[in-house]
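Enquirer:
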Amino acid sequence: MTRPARGRLARYGFAEGDGATRAADLLGPDGLALWRPDTQEPADERAAELLAALSRAADPDLALRQLHRLVESERRSGDEVAVRDALAADPGLRRRLIAVLGASSALGDHLVANPGQWAVLATEPDGLAPTADGRLDLSVAARLTTMTGAVPLLRQAYRLALLRIAAADLTGGRGLEQTMAALSGLADATLAAAYDIAADELPEGTPRPRLAVVAMGKCGGDELNYVSDVDVIFVSATDDDLPAATQIATRLIQICGLVAWPVDAALRPEGNRGPLVRTLASHLAYYKRWARTWEFQALLKARPAAGDLELAKEWIDALAPLVWTAAERPEAVQDVRSMRRKILDNVPPKELEREIKRGPGGLRDIEFAVQLLQLVHGRGDESLRVPGTVPALRALVAGGYVGRADGEALLRGYRFLRAIEHRLQLQALRRTHTVPTEPAALRWLAAALGYVATPGRSAVEEFRAEWVTHATEVRRLHAKLLYRPLLESVARVPAEGLRLTPEAARHRLEVLGFADPAGALRHLQALTGGVSRTAAIQRTLLPVLLDEFADAPEPDRGLLNYRQVSDKLGSTPWYLRLLRDSGPVARRLARVLSSSRYAADMLAREPEALRLLAEDSELTPRPRETLVDGFAAAAARHDDPVEAIRAVRALRRRELVRIAAADVLSRAGSLAPLTPRPVGGGERRPTVVDVTAVGTALSHVADATLAAALRAARTVHPGPPGLRFAVIGMGRLGGYESNYLSDADVLFVYDPPPGVEESGASAAAHAIAEELRRLLSAPAPDPPLGVDADLRPEGRQGPLVRSLAAYAQYYARWSRVWEAQALLRARFVCGDADLGAEFEAMIEPVRYPADGLSREQVVEIRRIKARVETERLPRGADPATHTKLGRGGLADVEWAVQLLQLRYAGQVPALRGTRTLDALAAARDAGLLDPSDAAELAAGWTLAAEVRDALMLVRGRAGDQLPRHGVELAGVVRLLGREDQGEFLDEYLRTGRHSRTVVQRILESPL
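In our numbering, the protein residues as written are 224 to 1230.
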């Protein structure tokens, strides 16, 4: 009786269950003939050695499958035993080839497609491993492939060199730094070969230009990974060289894309908008006048790579004085910090903790800390002027700029993270920096990194534990180094700079309440240093602005925000003139920047929008018709729908700045915008921008955005002639109660034209809706407008778009009471107005039932409300101060009002509206609510909505919880025009209690 193969093969690391059967087939007599099914043992000693090698692979099953495919490929080509015999005779080849097959499906596929190329991993006659330093061997490539032509041959040579590097890496033949250097050397060789091919393709008689290819980024730092863009900058010697040099550069990029990886020249002056090739003199002029801090930071890694290497060295030497004085720019340190924060902010939240490159505790944390210290201290210490992260970190430790223990911890973290990156990318030769979540993928990664199970802990758990340790330490050291007060030793205070001495200025800032007087002093010095007119105007403005900043809960943030706006607009002729000469603009700007992170972030994206602060009329929200027409006109100027939506989103961003600034300033006393002077004379009064006006204005902006997006979508997918399509607003959009970060809750409805099949019309309508959502969700610097259709029938399980008839059928047959409740806010937003009106008419009897609600329906509403209270309130949230779901807050009042609408709107037409406060007033006027109860509900809803909007303005992100202490509470109180935080909190709690009492009375009223 044959013993089961499962346990026997599992000893070698092969999968159990069905996987064991598969492994037995591949290893058995009909496969590789390495396994005897009758004895369940290796066929012979050579087979045992090969099985042992397979067991040591990162994925033994993958290695086995790839080896079997490789043998089969050789059999088909007529050589059945070459690789098997070679593996038996050459232990070094066996170790290297099996390691590659088990770690990289992509390289395994390459070997299967190119039989015989595995031979480049064979041990050399002198007993040494094959060279793996990144050199290209075109003669070997020509011998091992049937391909012809310079580019295909170069691609084969590149793959063979990469194969050798990977084999050395996987078997311990080279360490991390050697592997990175080899990959960078391979990149240099590939660039040089592509350069020669491109130069040889120049038209006959064209003289070869002097063109240098300068490596940047990871390639420049000799720290390239397996799959990455290669960053370069192209430099020509003279203007006469430019035409031919540009032709070579363009062709080089094309060749490298075909052979190995994309070449990215976006780090050049002006990025992708600038010329691909510039002369050395043109580069020098740009960097002297226009370059920003991050561009000098990028130059730290510049290194000659290909082409005219002497010219590349001349270029680097010419720019070196600018690089090593860049830290003397007042904004340099803050620029580096801001860039790191920006990179972090751009990581998708769901990937943040798995991102080993950009995430917290990742490679970027190490690189930014090292590069900032290089920029600051490298001015006087030439030992720090090295391009690579590891050599630079070692030099920083040697020079005493980083402690030995901290330096070693960063080196260990860097090596660990790069090892993960290499293994992840090598698997499929795909660019990735995200640790997988799938259990099988995690097991493979742990095995590829050499982790094994220990008593009580799996290999994956061992890997995770070390990852957490390294990430935590890297994050700590990043904060320690990047935010070290470096500018105290480099900032310069000119004699004519500040009116006060630095010591006196620091004292004054302390008196004004700045938490970091030294940091604030550096900002002042940056803004006012020098003898330019810009500095002179800033010295006039800042004493006024500092007082405004000092009134805010976080004076330092206001000053920082002001400096960032000034950095962006300081050289613009109108900017400081506007602040100096246009009445309250400077103080308004200070108020907005110190009160609202949301508005400050928006102004940073749209700094020219601060012109709105100059005119009171510009701080009045625009009517809906004006917005719809303006957004449509902006979109119509572009044939490309993507460009059209980009223009629309820019207009939306400006309108959000307008509304936020008006909201912040409306309670700012003398800074508040005033109403136009009455025609018959009289006084101008402060413009009232209350929470109702803000909600309406934000909903109008969303309406206009959706309308423009719908028009753009229909240019892409017009659908059959006569197809009617409409967007119905729901939720806060439908109720004109949007907040600054609201999604657009919508329904999509269509009506097929006569004679068109339903399926065709449905597909066309679905394409329109999907295109609308795609256009509005495309990545952009503007705040996104999410389009949420989850309130549709059947939710996410139902079709995205329905016909009017399908909606009518659904609501007539299957609608639940909560869906009728949701429809209370439904209103036409954009598209076919007649269809929108028909939809509203169709849902009238659903949301305003003639006979009100049955006892069972009221009980159902109470049940759902109770469940919402217990399940949706975030864990740890304070129900007394949660503006949305807390006691007496938004949801409480809205459920009470909507219950009244469902019960009585069938008989009381005045209740038929989508706005909460309007329906509340109608219920009061109809005698359904006592006036005092209506007042309590209105007060509760209004205060909760005001606080919720204020929280978003203060924090710059969504938030529903009013804190009971701290700077955010202080910011909300100031923004709402109050003074005492304790009194305001008491008022909020009292208002919520009163509102809650009325809500409970309504929900529990007799049926």
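Cβ coordinates follow ideal geometry from the N, Cα and C atoms, glycine included. Quantities reported herein were computed from a predicted structural model and do not represent experimental measurements.
For the alpha helix (DSSP H) containing residue 639, name the first residue and the last one.
Expert: In the sequence shown, the residue the question calls residue 639 occupies position 416. Segment 627 to 651, the alpha helix (DSSP H) holding residue 639.
Enquirer: The alpha helix (DSSP H) that contains residue 416, what's its start and end?
Expert: By one-based count along the sequence shown, residue 416 stands at place 193. Element bounds for residue 416: 399 to 423.
Enquirer: Inspect the beta-carbon positions of residue 921 and residue 950 and report whether they are closer than 7 angstroms.
Expert: Numbered from its first residue, the sequence shown carries residue 921 at position 698. Numbered from its first residue, the sequence shown carries residue 950 at position 727. Not closer than 7 angstroms, so no.
Enquirer: Which residues does DSSP pair with residue 255 in a beta bridge?
Expert: Within the sequence shown, residue 255 is the residue found at index 32, counting from 1. Looking at the DSSP output, residue 255 bridges to nothing.
Enquirer: In chain order, what are the residue ranges of uninterrupted alpha helix (DSSP H) at least 4 long that sit wholly in the segment 338 to 409?
Expert: 361 to 366, 373 to 393
Enquirer: By alpha-carbon positions, which one of 605, 611, 582, 581 ends up nearest to residue 594?
Expert: Counted from its first residue, the sequence shown places residue 594 at position 371. The closest CA to that of residue 594, considering only 605, 611, 582, 581, is found on 611.
Enquirer: Measure the C-alpha to C-alpha separation of residue 761 and residue 1198 and round it to an integer number of angstroms.
Expert: For the purposes of this step, residue 761 is taken as the residue at position 538 of the sequence shown. For the purposes of this step, residue 1198 is taken as the residue at position 975 of the sequence shown. Distance between the alpha carbons of residue 761 and residue 1198 is about 26 angstroms.
Enquirer: Indicate the three-state DSSP secondary structure (helix, strand or coil) for residue 948 in the structure shown.
Expert: One-based indexing of the sequence shown puts residue 948 at position 725. Taken through DSSP and simplified to helix, strand or coil, residue 948 comes out as strand.
Enquirer: For residue 645, which of 460, 933, 1196, 406 has the nearest alpha-carbon?
Expert: The sequence position of residue 645 within the sequence shown is 422, counting from 1. It is 406 whose Cα lies nearest to the Cα of residue 645.
Enquirer: Pair every Cβ in the segment 473 to 483 with every Cβ in the segment 407 to 426, then say whether three or more of these pairs are closer than 8 angstroms.
Expert: yes
Enquirer: Measure the alpha-carbon distance for residue 1222 versus residue 829 and round it to whole angstroms.
Expert: Stepping through the sequence shown from its first residue, residue 1222 is reached at position 999. Stepping through the sequence shown from its first residue, residue 829 is reached at position 606. Roughly 43 angstroms separates the two Cα atoms.
Enquirer: Would residue 1228 and residue 1159 be called neighbours here (beta carbons separated by less than 7 angstroms)?
Expert: Residue 1228 sits at position 1005 when you count from the first residue of the sequence shown. Residue 1159 sits at position 936 when you count from the first residue of the sequence shown. Not closer than 7 angstroms, so no.
Enquirer: So which of 758, 757, 769 has the shortest CA-CA distance to residue 737?
Expert: Translated into the one-based positions of the sequence shown, residue 737 becomes position 514. Among 758, 757, 769, the Cα nearest to that of residue 737 is on 769.
Enquirer: If I'm right that residue 959 touches residue 919 with Cβ under 8 angstroms, what's the distance once you round it to whole angstroms?
Expert: Taking the first residue of the sequence shown as position 1, residue 959 is located at position 736. Taking the first residue of the sequence shown as position 1, residue 919 is located at position 696. 5 angstroms between Cβ atoms; contact.
Enquirer: Going by the CB atoms, is the gap between residue 459 and residue 475 shorter than 7 angstroms?
Expert: Along the sequence shown, read from residue 1 onward, the residue named residue 475 stands at position 252. Along the sequence shown, read from residue 1 onward, the residue named residue 459 stands at position 236. No, the Cβ-Cβ distance between residue 475 and residue 459 is not below 7 angstroms.
Enquirer: Who are the near neighbours of residue 870 in its chain, counting only those whose CB is closer than 8 angstroms to its CB and skipping five residues on each side?
Expert: Start at 1 with the first residue of the sequence shown, and residue 870 comes out as number 647. Shown here for residue 870: same chain residues with a beta carbon closer than 8 angstroms to its own, the five before and five after excluded, namely 857, 858, 860, 861 in chain order.
Enquirer: Cutting at 6 angstroms between CB atoms, please list the residues of its own chain near residue 807, excluding the five before and the five after it.
Expert: Sequence index remark: in the sequence shown, residue 807 carries index 584 (1-based). Within the same chain, residue 807 has close Cβ partners 894.
Enquirer: Residue 1215 to residue 1187, Cα distance in whole Å?
Expert: Indexing the sequence shown from 1 puts residue 1215 at position 992. Indexing the sequence shown from 1 puts residue 1187 at position 964. About 15 angstroms.
Enquirer: Residue ranges of each alpha helix (DSSP H) run of no fewer than 4 residues wholly in the segment 1121 to 1186, ordered along the chain?
Expert: Qualifying alpha helix (DSSP H) stretches, in chain order: 1139 to 1148, 1154 to 1178.
Enquirer: Buried or exposed: residue 470, going by 16 or more other Cβ atoms within 10 Å of its Cβ?
Expert: Within the sequence shown, numbered from 1, the residue matching residue 470 stands at position 247. Buried: at least 16 other Cβ atoms inside 10 Å.
Enquirer: Where do the ends of the alpha helix (DSSP H) carrying residue 868 lie?
Expert: If you number the sequence shown from 1, residue 868 lands on position 645. Where residue 868 is concerned, the enclosing alpha helix (DSSP H) stretches over 864 to 888.
Enquirer: With a threshold of 16 other CB atoms inside 10 Å of the CB of residue 996, please say whether the residue is buried or exposed.
Expert: Here residue 996 refers to the residue found at position 773 when the sequence shown is read from its first residue. Classification for residue 996: buried.
Enquirer: Can you have a look at residue 1037 and say buried or exposed, based on whether 16 or more other CB atoms are within 10 angstroms of its CB?
Expert: The sequence position of residue 1037 within the sequence shown is 814, counting from 1. With fewer than 16 other Cβ atoms inside 10 Å of its own Cβ, residue 1037 counts as exposed.
Enquirer: Of all the options 381, 524, 607, 354, which has the alpha carbon lying nearest to the alpha carbon of residue 367?
Expert: Within the sequence shown, numbered from 1, the residue matching residue 367 stands at position 144. Taking only the C-alpha atoms, the option nearest residue 367 is 381.
Enquirer: Is it buried or exposed, residue 495, if we count other Cβ atoms within 10 angstroms and call 16 or more buried?
Expert: As a working note, residue 495 is residue 272 in the sequence shown. So residue 495 ends up on the exposed side.
Enquirer: Taking 7 angstroms as the threshold (C-beta atoms), are residue 784 and residue 732 in contact?
Expert: What you label residue 732 is simply residue 509 of the sequence shown in a count that begins at 1. What you label residue 784 is simply residue 561 of the sequence shown in a count that begins at 1. No, the Cβ-Cβ distance between residue 732 and residue 784 is not below 7 angstroms.
Enquirer: Taking 7 angstroms as the cut-off, decide whether the C-beta atoms of residue 1033 and residue 1022 are in contact.
Expert: In the sequence shown, counting from the first residue as 1, residue 1033 sits at position 810. In the sequence shown, counting from the first residue as 1, residue 1022 sits at position 799. Against a cut-off of 7 angstroms, the Cβ pair of residue 1022 and residue 1033 comes out as no contact.
Enquirer: Counting C-beta neighbours from all protein chains within 10 Å, is the total for residue 981 16 or more, i.e. buried, or is it exposed?
Expert: Along the sequence shown, one-based indexing puts residue 981 at 758. When all chains shown are included, residue 981 counts as exposed.
Enquirer: For residue 449, which residues from the same chain have a beta carbon less than 7 angstroms from its beta carbon, with the 5 sequence-adjacent residues on both sides left out?
Expert: Residue numbering aside, residue 449 sits at position 226 when the sequence shown is read from its first letter. Contacts found: 406, 645, 648, 649, 652.
Enquirer: Which one or two residues does DSSP pair with residue 974 in a beta bridge?
Expert: Within the sequence shown, the letter at position 751 stands for residue 974. Looking at the DSSP assignment, residue 974 forms a beta bridge with 947.
Enquirer: DSSP beta-bridge partners for residue 1025?
Expert: As a working mapping, residue 1025 is identified with position 802 in the sequence shown. Residue 1025 is bridged to 972.
Enquirer: Does the separation of the CB atoms of residue 316 and residue 309 fall below 7 angstroms?
Expert: Position 93 of the sequence shown holds residue 316. Position 86 of the sequence shown holds residue 309. Contact: yes.
Enquirer: When you compare the CB positions of residue 927 and residue 851, do they come within less than 7 angstroms of one another, or not?
Expert: Working through the sequence shown from its first residue, we reach residue 927 at position 704. Working through the sequence shown from its first residue, we reach residue 851 at position 628. Contact: yes.
Enquirer: Based on the DSSP secondary-structure assignment, which residues constitute the bridge partners of residue 435?
Expert: Working through the sequence shown from its first residue, we reach residue 435 at position 212. In DSSP, residue 435 forms a bridge with 458, 530.
Enquirer: List the residues that DSSP assigns as beta-bridge partners of residue 452.
Expert: Your numbering for residue 452 matches position 229 in the sequence shown. Beta-bridge pairing links residue 452 to no other residue.
Enquirer: Hey, how far is the Cα of residue 855 from the Cα of residue 452?
Expert: As a position in the sequence shown, residue 855 is number 632, starting the count at 1. As a position in the sequence shown, residue 452 is number 229, starting the count at 1. Rounded to the nearest angstrom, the two C-alpha atoms are 39 angstroms apart.
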